[in-house]
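Enquirer: Below is the structure I would like to discuss, written out as structure tokens.
Number of protein chains: 2
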Amino acid sequence: MEGFCFINKKERQEKICAIIRTNEVRTQKELRELLKNQGYDITLATISRDIQELKVRKEYSSNGVESYHLPNNVTEKSTIQKLQQYFSEAILSIEVSGVFVIIRTDPGNAKAIGYMMDSLEWKQLAGVISGDDNCLLLCKTESEAEKVKKKCLEIWGRGRN
Amino acid sequence: MEGFCFINKKERQEKICAIIRTNEVRTQKELRELLKNQGYDITLATISRDIQELKVRKEYSSNGVESYHLPNNVTEKSTIQKLQQYFSEAILSIEVSGVFVIIRTDPGNAKAIGYMMDSLEWKQLAGVISGDDNCLLLCKTESEAEKVKKKCLEIWGRGRN
DNA sequence: TATGAATAATAATTCAAT
DNA sequence: ATTGAATTATTATTCATA
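If you're matching them up, the sequences are chains A and B in order. Reminder that position 148 of the first sequence reads as 148 in the UniProt record's numbering, one-by-one numbering, no gaps. Reminder that position 140 of the second sequence reads as 140 in the UniProt record's numbering, one-by-one numbering, no gaps.
Take a look at the structure:
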């Protein structure tokens, strides 16, 4: 009678993920407040259960603050999106040379991009070396290198939309 | 008057780390019991504070059970030991070719070794590429490659003792 | 500063209802 | 099966003491 929004379990858990992704949520009570702000009045009992089902856990952020974080397998879902973001902001060129694909980046950005490329686990990628301003993607054959370049260009293109 | 063992903070925290490393500790109360078994009677208040200082956190183990885990930087202390173990069990040869050091391994072992090599953060190592049965360590100069080979051989030698 | 006892805060569970 | 209210369990903090 009092709440404005009805919500089922699936939706609710998605909301919770979204909130955790974008806020530094330190307690379940805090999470409850944030949900309430969006019109969802949910008891702490339910939130506690959702937290467990989603395998959300408290971790230390880089700033040392302890807050709830999504488990890695959920975070990974957005790797492509992060990559698009990075590509659009930091990539200067993508070129092929033999079995290598060379990605030139703004200084300091290559390691992060290399790390994400690696985490994509593309089967064509035998290995990734990252320096300060470039990544070397090693493929087993030249045609695979061409394919990897193409896939990278696609992500790059999408990121710039 | 009642306890058998006196212990200072540093010792106590080391004990706690050791226990957490080797047991599936699910609560601080459980940890307290384990400490008591070893003759250390410590209040939960102190344990709670130690847990925080050590940045020990609850995480999910591979079996899905939630238990206390040491932070990564502490775990890393034993990287060299793990590497020695791996080296002694899985490495076939270590050779230099120009700016590359090539480590041949038993099939399937190169990725893990490469990952650990990378985590050593040796300043001579510009990058690591791992396939299925070999790692390519990229150095900036040939003399650095020689140095890296030497350091690897030392670890290998130690591991085989 | 380090600690324990008491307390407060936080989170998980039980139990009842749907 | 899902949920909330009440309860219990767990963890963090306060306050006093050394």
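All residues carry an ideal CB built from backbone N, CA and C; glycine is no exception.
#1: Cα-Cα, which of B:141, B:113, B:131, B:111 is closest to residue 123 of chain B?
#2: Could you pull out every residue in the same chain whose Cβ sits closer than 6 Å to the Cβ of residue 71 of chain A, ignoring the five residues on either side in sequence?
#3: Looking at the C-beta of residue 115 of chain A, does it have a partner C-beta in chain B at a distance below 8 Å?
#4: Among residues of its own chain, excluding the 5 on either side of residue 65 of chain B, which ones have a beta-carbon nearer than 8 Å to its beta-carbon?
#5: If contact is defined by three or more beta carbon pairs under 8 Å, each pair taking one atom from either stretch, is the segment 45-60 of chain A in contact with the segment 91-99 of chain A?
#6: Within its chain, find whatever has a CB closer than 6 Å to the CB of residue 35 of chain A; leave out the 5 residues flanking it on each side and keep chain order.
#7: Scan the segment 35-59 of chain A for residues whose Cβ lies nearer than 8 Å to a Cβ of chain B and list them as they occur along the chain.
#8: Using a beta-carbon distance below 8 Å, is residue 138 of chain A in contact with chain B?
#9: To the nearest angstrom, how far is the alpha carbon of residue 28 of chain A from that of residue 91 of chain B?
#10: Rank A:88, A:137, A:115 by C-alpha distance to the C-alpha of residue 103 of chain A and give the top, closest one.
#11: In angstroms, rounded to a whole number, what distance separates the CA positions of residue 60 of chain B and residue 17 of chain B?
#12: For residue 127 of chain B, name the three-state secondary structure that DSSP assigns.
#13: Between which residues of its own chain and residue 146 of chain B is the CB-CB distance below 8 Å, once the five residues before and five after are set aside?
#14: On a Cα-Cα basis, can you pick out the residue from B:115, B:68, B:67, B:19 that is closest to residue 86 of chain B?
#15: Using a Cβ-Cβ distance cut-off of 8 Å, determine whether residue 157 of chain B contacts chain A.
Expert: Let me spell this out:
#1: For the purposes of this step, residue 123 of chain B is taken as residue 123 along the second sequence, with counting starting at 1. If we check each option's Cα against that of residue 123 of chain B, B:141 comes out closest.
#2: The sequence position of residue 71 of chain A within the first sequence is 71, counting from 1. For residue 71 of chain A, same chain residues with a beta-carbon under 6 Å away, outside a window of 5 residues either side, are 55 in chain order.
#3: The residue labelled residue 115 of chain A in the question sits at position 115 within the first sequence. Chain B, which has no Cβ nearer than 8 Å to the Cβ of residue 115 of chain A, makes this no.
#4: The count along the second sequence starts at 1 and reaches residue 65 of chain B at position 65. Close CB contacts of residue 65 of chain B within its chain, under the 8 Å cut and outside five residues either way in sequence, are with 24, 26 (chain order).
#5: No, the segment 91-99 of chain A does not touch the segment 45-60 of chain A.
#6: Counting from 1 along the first sequence, the entry for residue 35 of chain A is found at position 35. Same-chain partners within the cutoff: 42.
#7: Listed in chain order, the positions of the segment 35-59 of chain A with a beta carbon within less than 8 Å of a beta carbon of chain B are 55, 57, 58, 59.
#8: Here residue 138 of chain A refers to the residue found at position 138 of the first sequence. It does; some Cβ of chain B falls within 8 Å.
#9: Within the first sequence, numbered from 1, the residue matching residue 28 of chain A stands at position 28. Within the second sequence, numbered from 1, the residue matching residue 91 of chain B stands at position 91. It is roughly 49 Å from the alpha-carbon of residue 28 of chain A to the alpha-carbon of residue 91 of chain B.
#10: Here residue 103 of chain A refers to the residue found at position 103 of the first sequence. Ranking A:88, A:137, A:115 by Cα distance to residue 103 of chain A puts A:137 first.
#11: Here residue 60 of chain B refers to the residue found at position 60 of the second sequence. Here residue 17 of chain B refers to the residue found at position 17 of the second sequence. Between residue 60 of chain B and residue 17 of chain B, the C-alpha separation is close to 17 Å.
#12: Walking along the second sequence from the start, residue 127 of chain B turns up at place 127. Here residue 127 of chain B sits in strand by DSSP.
#13: Locating residue 146 of chain B in the second sequence gives position 146, counting from the first residue. Taken in chain order, the residues that qualify are 96.
#14: By one-based count along the second sequence, residue 86 of chain B stands at place 86. It is B:115.
#15: Counting from 1 along the second sequence, the entry for residue 157 of chain B is found at position 157. Judged by the 8 Å Cβ criterion, residue 157 of chain B is not in contact with chain A.
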